[in-house]
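>
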Amino acid sequence: MAAIVLYKSVFAQFAICLLTLTYIFRTIVRRVEVFGVGTTHENTNTTGCYSFGKDIPQVQGCESIQVDPRTGFVYLACGNRHARTRWLHPDEHYNPVFEQLADHILVMDEKNTIHSLKVLERNTTSNALTPFSQDFRVHGFDIYWDNLDPTELTFMFVNHQRKGGAISIFKHRVGAGYIEHVKTVKSPLLFSPNDVVATSRSTFYATNDLRHKRGILHKIEVLLGMPWGHIVYYGPEGIASKAYNGIAYPNGIARSPGGGLIYVAASSEPSVYAFRPAYDGALQLAGKTTFRGFVPDNISVDAATGELLVSGFLNTFEMFRYNREILFGTDARPAGAIRRLLPSADTRRGFAEESVLVHNGDLLPSTTTAVVQRRNNVHRMVLGSVMADHIAICEYHHK
């Protein structure tokens with residue numbers, strides 16, 4: 020009897036060890052695929068692309084871009100690349116002198132000249148250009164408009180202030196040279212905000228990408244793709260709540276043209292989710308598409324078609340290395356891609372997927388965003404990057 024008990028115990032331990040090793044092996048294989056370790060990529064559909072802004076100091080670190088489809092104006096959140104390292108690499112040494120260099124919002128038409136670029140001033144009253152005195156360190160952002168006053172835009176920015184993450188809300192009269200601060204929203208739920216999508220002039224969803232911002236748990240969360248991120252809803256009552264929990268690095272967020280769906284890129288899975296908002300702001304899973312060898316970052320929605328443009332990375336370790344080394348010189352060239360997702364009438368089936376372009380890293384290293392611009396018969400795609408010293412502009416062909 021004792022021998023049988025011992026045999027069962029040994030067998031159980033062996034089975035547990037085997038299952039553990041199998042899980043570890045599969046996890047490593049999956050993470051190697053996700054991070055694109057050892058992969059190389061050739062340019063596809065990039066002959067109609069070119070760099071813009073290398074000789075314009077304001078056009079650097081343009082991580083997030085939005086477009087107003089009614090006017091065709093493109094809005095870019097750009098900033099000094101040294102200053103961006105504070106929130107990109109919170110574990111590393113940072114020189115606070117760079118805080119003197121606030122981020123800025125550029126307005127761009129279709130002319131591609133320095134004279135047609137406009138930097139929006141930040142002020143607190145529309146009667147006098149009183150400087151916005153808070154930290155202004157932008158990550159993701161969104162613009163919103165409605166029929167109550169179509170000439171007024173609401174800007175919502177993920178603002179990595181030194182005292183913690185926040186969503187800073189501004190209003191802007193189309194054509195004016197400034198944005199006016201309305202309020203800044205802070206919440207314990209927004210300790211690592213990444214991107215935001217406005218659902219009205221005062222309400223929004225925001226992604227909180229990580230549970231741990233520093234230390235060994237931060238590294239484990241990123242490298243192993245732990246599903247510890249969440250999405251926050253900020254409602255009309257001025258209360259923040261978790262709208263959805265348990266996502267591996269929720270990153271870019273966008274909404275469908277009618278607002279009936281909220282799209283979220285989960286970089287560490289890597290996937291794009293489609294959610295339906297409930298009356299209380301909670302998000303109900305409606306569909307999901309998972310990628311192989313492509314890590315999604317930001318999502319933009321083409322207002323003319325309802326299709327999603329998803330920018331992403333093909334060798335993520337190279338992207339990490341580029342973002343850390345570029346200010347001091349690097350040979351890292353992280354390849355990137357833009358995918359077009361076509362929503363299905365049955366959201367449970369996810370999205371049909373098309374490749375828009377692939378670049379080997381020379382065009383725009385660490386590409387983080389892409390939007391479609393239509394203005395005065397110009398039809399093109401504008402690409403941004405969190406740590407590059409320029410943006411890229413490409414012809415946009417739609418099948």
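The opening residue of the sequence shown carries number 20 in the working numbering; numbering runs sequentially from there.
Every residue gets a Cβ at the ideal spot worked out from N, C-alpha and C, and that includes glycine.
From this set, TYR282, THR222 and PRO276, which residue's C-alpha is nearest GLU256's C-alpha?
Here residue 256 is taken as the residue at index 237 of the sequence shown, counted from 1. Among TYR282, THR222 and PRO276, the Cα nearest to that of GLU256 is on THR222.
> Which term fits HIS158, buried or exposed, when burial requires 16 or more other beta carbons within 10 angstroms of its beta carbon?
Indexing the sequence shown from 1 puts residue 158 at position 139. HIS158 is buried by the Cβ-count criterion.
> For the beta strand (DSSP E) that contains HIS237, what are its first and last residues?
Reading the sequence shown from its first residue, position 218 is the one you call residue 237. Counting along the chain, HIS237 falls outside any beta strand (DSSP E), though it belongs to the alpha helix (DSSP H) covering 234–243.
> Could you give the distance in angstroms between the alpha-carbon of PRO296 and the alpha-carbon of THR349?
Along the sequence shown, one-based indexing puts residue 296 at 277. Along the sequence shown, one-based indexing puts residue 349 at 330. If you draw a straight line from the Cα of PRO296 to the Cα of THR349, it comes to about 43 Å.
> Rounded to whole angstroms, what's the CA-CA distance from SER385 to TYR69? Just pull it up for me.
By one-based count along the sequence shown, residue 385 stands at place 366. By one-based count along the sequence shown, residue 69 stands at place 50. Rounded to whole angstroms, SER385 to TYR69 spans 16 Å at the Cα level.
> In chain order, what residues of the same chain have a beta carbon less than 7 Å from the beta carbon of THR308, not counting five sequence neighbours either side?
By one-based count along the sequence shown, residue 308 stands at place 289. These residues qualify, in order along the chain: SER290, VAL291, LEU360, GLY369, PHE370 and GLU372.
> Excluding the 5 residues flanking LYS261 on each side, which residues of the same chain have their C-beta closer than 6 Å to its C-beta?
Counting from one through the sequence shown, the residue named residue 261 turns up at place 242. Cβ within range, chain order: HIS249.
> Touch check for the segment 108–115 and the segment 188–195: three-plus C-beta pairs under 8 Å?
no
> If you measure between the beta carbons of PHE294 and TYR263, is that distance less than 8 Å?
Numbered from 1 along the sequence shown, position 275 holds the residue referred to as residue 294. Numbered from 1 along the sequence shown, position 244 holds the residue referred to as residue 263. Yes, the Cβ-Cβ distance between PHE294 and TYR263 is below 8 Å.
> To which residues of the same chain is VAL241 closer than 8 Å at the C-beta, ignoring the five residues directly before and after it?
Counting from 1 along the sequence shown, the entry for residue 241 is found at position 222. Only LEU229, TYR268 and SER287 meet the Cβ criterion.
> With DSSP collapsed to three states, give me the class of GLN180.
Taking the sequence shown and counting its residues from 1, one reaches residue 180 at position 161. DSSP places GLN180 in strand when its eight states are reduced to three.
> In angstroms with no decimal places, state the Cα-to-Cα distance between GLY194 and VAL126.
Here residue 194 refers to the residue found at position 175 of the sequence shown. Here residue 126 refers to the residue found at position 107 of the sequence shown. Near 10 Å, if we compare the C-alpha coordinates of VAL126 and GLY194.
> Buried or exposed: which applies to GLU225, given that a residue is buried once 16 or more other Cβ atoms fall within 10 Å of its Cβ?
Along the sequence shown, read from residue 1 onward, the residue named residue 225 stands at position 206. The sequence given here has Ala at residue 225, not Glu. With 16 or more other Cβ atoms inside 10 Å of its own Cβ, ALA225 counts as buried.
> Per DSSP, what kind of secondary structure is HIS398 in: helix, strand or coil?
In the sequence shown, the residue the question calls residue 398 occupies position 379. Secondary structure at HIS398: strand, using DSSP grouped into helix, strand and coil.
> Any idea what DSSP makes of GLU82, helix, strand or coil?
Here residue 82 is taken as the residue at index 63 of the sequence shown, counted from 1. DSSP, read as helix, strand or coil, puts GLU82 in coil.
> Scan the segment 183–265 and note each continuous alpha helix (DSSP H) run of 4 residues or more that stays entirely inside, going in chain order.
234–243
> Work out the CA separation of ALA351 and MET338 for me, nearest whole Å.
Within the sequence shown, numbered from 1, the residue matching residue 338 stands at position 319. Within the sequence shown, numbered from 1, the residue matching residue 351 stands at position 332. If you take the alpha carbons of MET338 and ALA351, they lie about 8 Å apart.
> Would THR63 pass as a contact of LEU376 if the rule is Cβ separation under 8 Å?
Position 44 of the sequence shown, counted from the first residue, corresponds to residue 63. Position 357 of the sequence shown, counted from the first residue, corresponds to residue 376. For THR63 and LEU376, yes; Cβs fall inside 8 Å.
> On a CA-only basis, which of HIS60, LYS130, THR387 and VAL177 is nearest LEU209? Give me that one, please.
Against the sequence shown, residue 209 aligns to sequence position 190. The shortest Cα separation from LEU209 among HIS60, LYS130, THR387 and VAL177 belongs to VAL177.
> At which residues does the alpha helix (DSSP H) containing MET338 begin and terminate?
As a working mapping, residue 338 is identified with position 319 in the sequence shown. Segment 335–344, the alpha helix (DSSP H) holding MET338.
> For SER206, which residues of its own chain have a beta-carbon under 8 Å away from its beta-carbon, when the five flanking residues on both sides are left out?
For the purposes of this step, residue 206 is taken as the residue at position 187 of the sequence shown. Same-chain partners within the cutoff: VAL251, TYR253 and ALA259.
> Taking ILE318 and ILE272 to be in contact with their CB atoms under 8 Å, please state how far apart those CB atoms are, rounded to whole angstroms.
Position 299 of the sequence shown holds residue 318. Position 253 of the sequence shown holds residue 272. Contact between ILE318 and ILE272 is confirmed by a C-beta separation of about 7 Å, below the 8 Å threshold.
> Alpha carbon to alpha carbon, how far is ASN36 from MET245?
By one-based count along the sequence shown, residue 36 stands at place 17. By one-based count along the sequence shown, residue 245 stands at place 226. The sequence as given places Cys at residue 36; Asn does not occur at that position. For CYS36 and MET245, the gap between their C-alpha atoms comes out near 22 Å.
> Quick check on DSSP: helix, strand or coil for PRO362?
Taking the first residue of the sequence shown as 1, we reach residue 362 at position 343. Secondary structure at PRO362: strand, using DSSP grouped into helix, strand and coil.
> If we require 3 or more residues per run, which beta strand (DSSP E) segments fall completely within the segment 82–123?
83–86 and 93–97
> Hey, ASP316 and ASN379: beta-carbon distance below 8 Å or not?
Working through the sequence shown from its first residue, we reach residue 316 at position 297. Working through the sequence shown from its first residue, we reach residue 379 at position 360. For ASP316 and ASN379, no; Cβs fall outside 8 Å.
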